[in-house]
Amino acid sequence: MNHTISRRSFLQTSALAAAGLGLSGRTLAGSHSPFKISLAQWSLHRSLFAGRIDNLDFAKVAAENGIYGLEYVNQFFKDKAEDQVYLAEMKAHADGEGAENILIMCDGEGRLGDPDAAKRTESVERHYKWVTAAKYLGCHSIRVNGYSAGSAEEQMKLVADGLHQLCLFGDEHGLNVIIENHGGYSSNGKWLADTIRMADHPRAGTLPDFGNFRISEDETYDSYRGIAELMPFAKGVSVKPTVFDDQGNTFPLDYMRMMRIVLDAGWNGYCGIEHGPEDREIEGILEVKAALEAARKKLAAE
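15 is the number of the first residue of the sequence shown in the working numbering; add one for each residue after it.
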């Protein structure tokens with residue numbers, strides 16, 4: 015975004031563009047705002063694991079709470095990645111709610127930066143089915159983890175190699191491959207940004223997560239600095255209401271400060287709520303949604 019243009023002008027331009035594309039009422043409403051709000055399925059993980067909510071209910075639960083962007087987690091349909099009938103049902107549920115499928119967060123498919131070249135290739139190939147599933151669902155990305163072993167420099171090279179390999183496959187299907195700051199060196203903003211640069215592929219990106227800046231039990235990374243470093247590569251944003259500093263302290267999220275960082279990077283896509291406290295998942299989701307909406311309203315007026 016050209017920072018000499020006011021956010022008000024940016025919003026007006028976005029609204030005109032949306033109108034010209036003939037978007038639906040819900041999407042048009044989101045286009046008047048500097049960002050849209052989505053829901054990460056992990057927010058409901060307790061209910062999903064307990065069987066109180068089925069994976070196929072996710073779109074309905076999100077829509078019932080006024081959220082129409084869906085970010086899936088592969089753990090909740092891990093044996094269905096190649097089941098076209100099931101994927102079609104997932105897509106039908108989302109379409110029926112007027113919701114948009116955005117991405118699949120992928121776990122449990124090996125280390126993309128494994129030091130063993132054969133295992134690294136195996137991990138890359140194990141992600142293929144999630145790329146094709148995401149494509150079928152209409153998502154734009156899969157989220158992977160940047161895990162490896164060795165020194166920071168060695169891990170960067172290995173993760174960048176695995177990411178590049180997977181992006182080549184993603185390119186064949188028009189899908190992005192994005193890494194979330196998700197523990198280990200990936201929760202060091204500079205390390206992850208440099209890893210994306212080293213991967214050297216336009217489909218390689220980040221999913222900056224406001225709250226995932228714990229590198230280890232003894233080390234954390236400042237959330238605001240980390241998000242600023244990761245946003246130039248962002249193809250998604252994950253919102254948690256607690257942030258870190260460099261000394262291991264946690265603080266409530268300053269929504270206005272953080273969302274200014276996000277918007278100053280030119281972002282106007284979805285920001286996914288990932289917050290579901292025990293015994294009050296929906297309440298927690300709605301609290302973050304209300305805070306994001308309040309920040310969005312203030313930012314739109316600037």
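Cβ coordinates follow ideal geometry from the N, Cα and C atoms, glycine included.
Note that the structure is a prediction, hence the values are computed from the model and not measured.
Those residues which DSSP pairs with Lys14 across a bridge: Shown here, the chain extends from 15 to 316; a query on residue 14 therefore has no answer.
Reference Leu277; option with closest CA among Ile287, Leu182 and Arg310: Arg310
Whether Lys303 touches Ile51 by CB criterion (8 Å): yes
For Arg271, the nearest candidate out of Thr234, Asn282, Tyr161 and Lys312 (CA to CA): The residue with the shortest Cα to Cα distance from Arg271 is Lys312.
Segment contact, 8 Å Cβ cut-off, at least three pairs: the stretch 162-175 with the stretch 245-260: Three or more beta-carbon pairs separated by less than 8 Å are not found between the stretch 162-175 and the stretch 245-260, which leaves the two stretches without contact.
Continuous alpha helix (DSSP H) stretch holding Met323: start and end: In this structure the chain extends from 15 to 316, so residue 323 is not present and cannot be described.
Enclosing alpha helix (DSSP H) for Met273 [first to last residue]: Tyr269 to Asp278
C-alpha distance - His187 paired with Gln261, whole-angstrom precision: 42 Å
Residue of Tyr82, Arg239, Arg134 and Glu233 minimising C-alpha distance to Gly286: Tyr82
Rounded C-alpha distance that separates Asp93 from Glu295: 25 Å
Rounded separation between Gly122 and His59 - CA only: 16 Å
Assumed close pair Leu177, Ala218 - CB separation to whole angstroms, cut-off 8 Å: 5 Å
In DSSP terms, what Asp223 is bridged to: The partner list for Asp223 (beta bridge, DSSP) reads Ser252.
Option nearest Asp232 by Cα separation, candidates Ala64, Phe258 and Lys171: Phe258
Inter-residue Cα distance where the pair is Ala305 and Lys254: 11 Å
Nearest-angstrom Cα separation, counted from Phe63 out to Ala279: 36 Å
Cβ-Cβ separation, His215 to Cys181 (assumed contact under 8 Å), whole Å: 4 Å
Spatial neighbours of Ala242 in its chain, beta-carbon cut-off 7 Å, leaving aside the 5 residues before and after: Ile275
Per-residue DSSP class, three states only, for Tyr238: helix
Expected contact under 8 Å - CB spacing of Lys204 and Leu151 to nearest Å: About 33 Å separates the beta carbon of Lys204 from that of Leu151, a gap too long to meet the 8 Å contact definition.
For His196 and Asn159, the rounded distance between their alpha carbons: Going by the C-alpha atoms only, they are around 7 Å apart.
Per-residue DSSP class, three states only, for Asn69: helix
Rounded separation between Glu316 and Leu84 - CA only: 28 Å
For Met170 and Leu206, the rounded distance between their alpha carbons: 8 Å
Spatial distance of Ala73 from His107 (CA atoms): 6 Å
Beta bridge counterpart(s) of Pro266 as assigned by DSSP: Thr256
Cα-Cα separation, Leu53 to Glu136: 30 Å
Assigned exposure category for Asp268 - 16 Cβ within 10 Å defines buried: exposed
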